[in-house]
Amino acid sequence: LALGFSVAFRPDVLLYAQYAEGYRSGGTNASSFSGVPPQYDPDSTSNYEVGAKTSWFDKALTVNLAAYLIDLKDLQVEQRFGPGGAFSGVGNISGSAARSKGIELDVVANPVKGLTLSFAGNYTDAKLTRTIGELGNDAVKGTRLTRVPKVNFSISADQEFTLSDTAEGTIGFSVSHTGRIENSYYDSEFNLPTRAYTLVDLRGQVRFEHFKLDLFVNNLFDKAAELTVFNTINDPYVILANRPRTIGARF
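Residue numbers for the sequence shown, in this note's numbering: 2 to 252.
Here you go:
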């Protein structure tokens, strides 16, 4: 289900509001322990969004801004089962359980020929809307949802240029930032916040009529970022990290 309307104040300024309903499919738990449910059900969302899509200076600058609110029902969450929570699986929390609200900003600018600058960022405030004791002793109303950072943003710049009568080139970089995650679990015994991190990538491309070469350096400063943290009785303090600095070429 999706409903919405928009108003164009002029050709380059559009205001809109929309309501949509969505869901995530259910699935199965791969566990030999009988206490872990063999499957979990879909969860659903009610999404409210208002925003503006605008362009300026003969479309040299595009600015899009949106504010959203999402109500989550029958939420799929990671839970622990068995003695001491030794077995993990996904389950559902019946009824309304959480709400996420935030803002998103996207900006694209072309200040001079061949140069593209972009910014994309969002702030998310995602919290439990009621106390859910079976998730852990910290799963009280107002607690932030697990594995959801407050802030994410990325910045990039790409410059196109002519190399010769038969070749074009592009060079660019991107910076991406992921904010601190407060909760990996709803139980203080196992919860491990993850640190914010910022990654920088470089890229270049040379294009001929029938051939192109891409050069890249991912994770320029060889940053070790904590993407996900697991901390259970069976797997204490397991960190999934990003790839180290990677230099390469593609044809």
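We put the beta carbon where it would ideally sit given N, CA and C, even for glycine.
Closest to residue i by C-alpha separation, out of the options, would be which residue?
{"i": "tyrosine 41", "options": "Thr247, Phe212, Ala127 and Val78", "result": "Val78"}
{"i": "arginine 196", "options": "Val109, Ala242 and Gly23", "result": "Ala242"}
{"i": "glycine 27", "options": "Pro38, Val218 and Phe34", "result": "Pro38"}
{"i": "alanine 127", "options": "Ala110, Ser7, Leu200 and Thr147", "result": "Thr147"}
{"i": "leucine 66", "options": "Glu105, Gln80, Phe34 and Asp59", "result": "Glu105"}
{"i": "tyrosine 186", "options": "His178, Val230, Thr171 and Thr163", "result": "Val230"}
{"i": "alanine 139", "options": "Asn192, Lys151 and Ser101", "result": "According to the sequence displayed, residue 139 carries aspartate and not alanine. Cα-wise, what sits closest to aspartate 139 is Asn192."}
{"i": "alanine 9", "options": "Ala18, Ala3 and Ile248", "result": "Ala18"}
{"i": "proline 150", "options": "Pro194, Tyr49 and Ser47", "result": "Pro194"}
{"i": "leucine 228", "options": "Ala68, Gly180 and Phe34", "result": "Gly180"}
{"i": "alanine 3", "options": "Tyr24, Ser165, Lys60 and Gly137", "result": "Tyr24"}
{"i": "threonine 144", "options": "Arg100, Gly36 and Ala225", "result": "Arg100"}
{"i": "alanine 98", "options": "Ser45, Pro12 and Ala226", "result": "Ser45"}
{"i": "threonine 247", "options": "Ser175, Ala110, Lys102 and Leu203", "result": "Leu203"}
{"i": "leucine 136", "options": "Gln80, Ser175 and Tyr198", "result": "Gln80"}
{"i": "phenylalanine 252", "options": "Asp215, Gly36 and Ser175", "result": "Asp215"}
Residue i to residue j, Cα distance in whole Å?
{"i": "serine 89", "j": "serine 189", "result": "16 Å"}
{"i": "alanine 250", "j": "phenylalanine 222", "result": "18 Å"}
{"i": "proline 112", "j": "glycine 173", "result": "15 Å"}
{"i": "phenylalanine 217", "j": "arginine 131", "result": "47 Å"}
{"i": "tryptophan 57", "j": "histidine 211", "result": "36 Å"}
{"i": "lysine 54", "j": "leucine 116", "result": "21 Å"}
{"i": "glutamate 22", "j": "glycine 52", "result": "18 Å"}
{"i": "proline 43", "j": "isoleucine 71", "result": "16 Å"}
{"i": "leucine 266", "j": "asparagine 184", "result": "Within the shown structure, residues of the chain are numbered from 2 to 252, placing residue 266 beyond reach of any answer."}
{"i": "phenylalanine 6", "j": "leucine 15", "result": "10 Å"}
{"i": "alanine 168", "j": "phenylalanine 209", "result": "5 Å"}
{"i": "valine 201", "j": "proline 245", "result": "12 Å"}
{"i": "glutamate 161", "j": "asparagine 153", "result": "27 Å"}
{"i": "lysine 163", "j": "threonine 171", "result": "One detail in the question is off: residue 163 reads as threonine in this sequence, not lysine. When rounded, the distance between both Cα atoms is 9 Å."}
{"i": "valine 108", "j": "lysine 142", "result": "35 Å"}
{"i": "phenylalanine 82", "j": "serine 32", "result": "11 Å"}
{"i": "tyrosine 238", "j": "asparagine 232", "result": "5 Å"}
{"i": "lysine 224", "j": "histidine 178", "result": "12 Å"}
{"i": "glutamine 206", "j": "aspartate 59", "result": "28 Å"}
{"i": "proline 84", "j": "asparagine 48", "result": "38 Å"}
{"i": "glycine 134", "j": "isoleucine 182", "result": "21 Å"}
{"i": "aspartate 13", "j": "alanine 68", "result": "19 Å"}
{"i": "phenylalanine 34", "j": "glycine 103", "result": "39 Å"}
{"i": "lysine 213", "j": "valine 64", "result": "32 Å"}
{"i": "aspartate 166", "j": "arginine 11", "result": "41 Å"}
{"i": "isoleucine 234", "j": "alanine 87", "result": "6 Å"}
With respect to the beta strand (DSSP E) encompassing residue i, which residues constitute its N-terminal and C-terminal limits?
{"i": "leucine 16", "result": "14-25"}
{"i": "aspartate 59", "result": "Premise fails: aspartate 59 is in no beta strand (DSSP E) and is neither H nor E."}
{"i": "glycine 253", "result": "Nothing can be reported for residue 253: it is not among the residues displayed for the chain, which extend from 2 to 252."}
{"i": "phenylalanine 1", "result": "For the chain, the structure presents residues 2 to 252; residue 1 sits outside this window and is missing."}
{"i": "phenylalanine 231", "result": "227-231"}
{"i": "leucine 193", "result": "Per DSSP, leucine 193 belongs to no beta strand (DSSP E) and is neither H nor E."}
{"i": "asparagine 123", "result": "116-129"}
{"i": "leucine 241", "result": "239-242"}
{"i": "phenylalanine 10", "result": "3-11"}
{"i": "tyrosine 186", "result": "Taken as a continuous stretch (DSSP letters only), tyrosine 186 belongs to no beta strand (DSSP E), as it is neither H nor E."}
{"i": "valine 201", "result": "198-208"}
{"i": "glycine 249", "result": "247-251"}
The region 63-77 contacting the region 89-97, beta-carbon criterion three pairs below 8 Å: yes
Continuous beta strand (DSSP E) assignments of at least 3 residues falling wholly in the region 147-181: 152-165 and 168-179
Any contact of the region 146-166 with the region 115-132, i.e. 3+ C-beta pairs under 8 Å? yes
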